[in-house]
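Student:
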Amino acid sequence: MEYLERWLAISNAAIWVSVLGLLLTVLLAYPLASALALPVQIAAHMGTLLFAVGVKIAYVARLAFLSKLGRPVH
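With my numbering, the residue at position 27 of the sequence shown is 153, and numbering never jumps.
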């Protein structure tokens with residue numbers, strides 16, 4: 127069970143990292159786009175997609191570990 131707790135903590139941290147990355151890339155891709163070079167804008171748009179997927183995967187992992195630990199899933 128201890129390893130499930132560790133993976134739960136990792137998935138929680140992954141959600142936060144992905145959300146922060148998503149916010150940063152959205153800021154770079156849209157309001158700050160005029161101040162950035164085109165390759166940076168392209169990377170920001172790609173990052174937006176990747177971080178959004180990261181949020182989803184980390185959330186599903188969190189739900190799975192909560193379920194395995196017998197905790198309420200919400």
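The beta carbon of each residue, even a glycine, is placed where N, CA and C say it ideally should be. Predicted, not measured: the structure shown is a model, and the values here were computed from it.
1) Which first and last residues belong to the alpha helix (DSSP H) in which residue 171 is found?
2) Going straight from the alpha carbon of residue 155 to that of residue 176, what length do you get?
3) Could you compute how far the alpha carbon of residue 129 sits from the alpha carbon of residue 183?
4) Within 10 Å of its beta-carbon, does residue 135 have 16 or more other beta-carbons around it, so buried, or fewer, so exposed?
5) In the structure shown, what three-state DSSP assignment does residue 143 receive?
Tutor: With the structure as the only source:
1) As a first step, residue 171 must be located in the sequence shown, where it is residue number 45. Its alpha helix (DSSP H) spans residues 164 to 194.
2) For the purposes of this step, residue 155 is identified with residue 29 of the sequence shown, where counting begins at 1. For the purposes of this step, residue 176 is identified with residue 50 of the sequence shown, where counting begins at 1. Distance between the alpha carbons of residue 155 and residue 176: 13 Å.
3) For this step, residue 129 is matched to residue 3 along the sequence shown. For this step, residue 183 is matched to residue 57 along the sequence shown. Roughly 19 Å separates the two Cα atoms.
4) In the sequence shown, residue 135 corresponds to position 9, counting from 1. Exposed: under 16 other Cβ atoms inside 10 Å.
5) Residue mapping note: residue 143 aligns to position 17 of the sequence shown, counting from 1. Residue 143 falls in the helix class under three-state DSSP.
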